[in-house]
Structure formats: structure tokens, C-alpha cells
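Shown next, in C-alpha cells, is the structure this report addresses.
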């Protein structure tokens, strides 16, 4: 759990007393690299793959290569990006092609935590503008690990405990990543063409630059050649989703609320989440289509969520003032609050994470939803376990929750789905013993 997600557990954000000397850390790392034997026998990997893994625990599974450019497999086919396409792509994604996008998008890879560990299902990423996209991708990784990869049974029960599926091997980690990426990209491609002509577009890296620097286009090292060694995995997934949906369709989806997809919010835009969850970058979270107008203007349609999503979305803006300051002031309808599977991307005061339950039948069985455990995870490393008891309102019908005033932001977020539920912490208390300031 990173420092800035602590406020989801506590009402106030704690201050860190640690003074990190990053320059000293870099120096120590360089010295360690110099001490490594130059004559390392690669054949040892055939006997013990763990030898290489111990040298670097971070495992980047998409759009990043440890080997040099000469060792990368060449792109055998595909159409090179044109200047018009590069400009349009940057305009739709970031609102400008004449200046580079925020640097975090150029160096945020798609990395998973060590395999076969308690948090082996989780993506690992710093807190930046790519967090919204990675949280949506994280939800699909959990979806595949917990539900899609299970062997089907008559009662939909797994033969192994859920914790086993949440500690995947390296092979299952890799498969979960490419399956999650494929699912969101093909979802964005749906509805653009007829079913028999549906096509998805993927941005692949090459070493050649196809678009030169000019007054209209500022090179960023990725878009003009879709290549960077620092790992722009998140950016390439964003580009693949936009290209599969179509730049013109993304503009129509935004409906004039925004002129581009990625907003200036610290952890990214909710429109990126709706694009990955529904295939449409709509700013409207209500069910179906509503017509809005007044006596001076014709009623215009606002296209919200057109069908029930496999993964849901829960939003809490922080306070009444936070909701008023929100540009769209949108709250999810039942198609996002009650998805097909018990997995939700969450936006709590602009901080993104994932809520999930390991029981596939949770939202289909009234008795299962009376009392259950739910897990919360963020790409920053926050992982907590809570118990939700929806029977609490039976003892106090029609009354307000007595503990509502003292509820943490995370609990208030959960209450947007289960309004009268009693929420208790069943796992270890996060940051036990720390003084919260």
C-alpha cells in the first residue's frame, strides 16, 4: 500500500517520515551490477530458472524487453503509422500533438508482482495518470484468474480454494495479462464493424521512426515508432483500445464533455475506465439512453451504459463538495453496480482500485449477499480484507447508520452499493502501530 492510498483506510492522509536518498540507492544498485559475474553461464537457466529471476524480481510482461534492440523479434507485417494517424491519435488521447504527453505514460510498464506469492495476482505500478487504465486491466486479470480459467462444474464451485488461483505461476501470470489485454481490445472493436468484419488494432513496437519531428508533431519516442525501452506498456494498451474503437468514435463517445480521453486528474480519467469496461469512452454512467433538454433547446440523447458489464464500477467523489466540483457529476447505474461477476473497478476521491469477491454466485444468490467477505487491492500495493453484512438494517429499519460519521472513505464507497451494510475489517489492520497524522 503506497502512502497516498492510506487515506482509503483512514480519514486523513498520513505523512511519511521516511527520507529516501534515491541517488544513494541508484549508486548502490550500480555497484551491485558491477559485482555480477560477466561470465555468467546462461545454460544454468535450463537447470534452475530461479537463478535469473533472483537478479531482478520485477517481471514486466508487456511492451518491455530486457534484451537489447537487436534481440527483439522484428515485426513481420502491419501498416506503419502515418503522420496523420500519429497526430490524430495523440490529439484524441492527450489533446495535443505539438507537445509530448505526460512522461509517466512513456515509462509505465505492465508489471506483475512475484509469482506464487500472496499478491501474485496484482499489477505493480506507481501512482500516476496511468493508474485508471491499469486498475481496469487489473480487474480483468482477476476475472480471468478467478473465474474464466476455472474448470466448469455443475455447481460452479472450484475444486481448489480461491487463494490458490490468486497465487498464480509465472505462466498463468503471463496468460492472464495477454488474455486481459485481448479482452479489452476486442471489446473496443465490437460495435465498430459488423460481427463478421470485426477488427482489432494493436500497436506493435519497431525500431524505425515513421513520423518526423515538426511544428505540428512533437516526437515522444513512442507514438511515431511505437517503441521505447523504458516500458510504455500502459500507453500501448491505451493506443490499441483507441485504434480498435476508432478515433472518430471515441470523440463521439465523449459527447463534448471532454475534447480528449486522458484528463489532468492525478490517477487518470474515468473515461479510460469506461472504454476498457464497456468498449465505449462514455462520460455517462447511467443505464441506457436518456434525453436531456429544456424549453430553449431540443432534447439531445446521452448514451450511458447500454448493457450489463462483466466488470462493474463504483464511484465515491469524496464529499458533497467533491461531487459538485466533478465535471460530469455522474453516478453508476445498476448495470455497473451489479455486474455479471463480483468485480468492481473503484474510484474513491479520484483514487483507483479494485474490489472483488471470490464467489461467482454472490450477485445471483440473495443468501450469499447477506454476509460475505470482499477484498480491496490497488496497483500501489494496498490489499485489505473486509466483511460486509447487509443484515444490519434489519435491526434498525429505516434508520441511519450509527457509524456513518466515522466511516472511512473506502467504507463510504462500499455503501454506494450496499447502502445499509455493516462493514468490519477482518484482515490485519493496515500499517498497524503507525501514528496517523
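Numbering (my numbering), first residue to last: 29 to 465.
All residues carry an ideal CB built from backbone N, CA and C; glycine is no exception.
Keep in mind the model is a prediction, meaning the values are calculated, not measured.
The alpha helix (DSSP H) enclosing residue 175, as first and last residue numbers: From DSSP, residue 175 is part of no alpha helix (DSSP H); its letter is neither H nor E.
Kindly indicate which residue of 393, 378, 405 and 392 has the alpha-carbon position closest to the one of residue 492. As shown, the chain starts at 29 and ends at 465. That puts residue 492 outside it, with no answer to give.
Using 10 angstroms around the beta-carbon of residue 299, count the other beta-carbons present and answer buried if the total reaches 16, otherwise exposed. Counting of Cβ neighbours within 10 angstroms places residue 299 among the buried residues, the total reaching 16 or more.
Per-residue burial, residue 318 [other beta carbons within 10 Å of its own, 16 or more giving buried]: exposed
Judging by CA-CA distance, which residue of 369, 244, 325 and 407 is the nearest neighbour of residue 392? 369
Our contact map puts residue 304 next to residue 338 with C-beta atoms below 8 Å; I'd like the distance itself, whole angstroms only. The pair is not a contact, with the Cβ atoms about 11 Å apart (cut-off 8 Å).
Drop a sphere of 10 angstroms on the beta-carbon of residue 276, count the other beta-carbons inside from all chains shown, and report buried for 16 or more, exposed for fewer. exposed
Roughly how many angstroms separate the alpha carbons of residue 282 and residue 359, rounded to a whole number? 16 Å
If you compare alpha carbons, which of 311, 232, 210 and 117 is closest to residue 332? 311
Give me the Cα-Cα distance between residue 377 and residue 273, rounded to the nearest whole angstrom. Roughly 28 Å separates the two Cα atoms.
Could you spell out where the alpha helix (DSSP H) holding residue 190 opens and where it closes? 190-193 is the span of the alpha helix (DSSP H), which, as asked, contains residue 190.
When the Cα atoms are used, what is the spatial distance from residue 230 to residue 178? 28 Å
Report the three-state DSSP secondary structure of residue 214 (helix, strand or coil). Helix at residue 214.
Taking DSSP as the reference, what is the three-state secondary structure of residue 446? coil
Contact under 8 Å by Cβ, residue 407 with residue 147: no
Quick one, which of 341, 154, 125 and 202 has its alpha-carbon nearest residue 173's? 202
Helix, strand or coil: how does DSSP classify residue 150 here? coil
What is the rounded straight-line gap between the Cα of residue 127 and the Cα of residue 248? 8 Å
So, are the CB atoms of residue 467 and residue 215 less than 8 Å apart? Given a span of 29 to 465 for the chain in the structure shown, any question on residue 467 remains unanswerable.
By alpha-carbon positions, which one of 409, 410, 386 and 411 ends up nearest to residue 401? Measuring from the Cα of residue 401, the nearest candidate turns out to be 386.
Beta-bridge partners of residue 401, as assigned by DSSP: 415
Whole angstroms are fine: how far does the CA of residue 160 sit from the CA of residue 344? 15 Å
Which first and last residues belong to the alpha helix (DSSP H) in which residue 267 is found? Segment 261-273, the alpha helix (DSSP H) holding residue 267.
Within the same chain, show all residues whose beta-carbon is closer than 6 Å to that of residue 190, passing over the 5 residues directly before and after it, in chain order. 386
Using C-beta distances below 6 Å, list every residue in its chain close to residue 143, excluding the 5 sequence neighbours before and after it, in chain order. 197, 198 and 201
Suppose you measure from the CA of residue 449 to the CA of residue 206; what does that come to, to the nearest Å? 37 Å
Taking all protein chains shown into account, decide if residue 137 is buried (16 or more other Cβ within 10 angstroms of its Cβ) or exposed. buried
To the nearest angstrom, report how far apart residue 111 and residue 301 are at their CA atoms. When rounded, the distance between both Cα atoms is 28 Å.
Tell me the residue span of the alpha helix (DSSP H) that contains residue 166. 159-171
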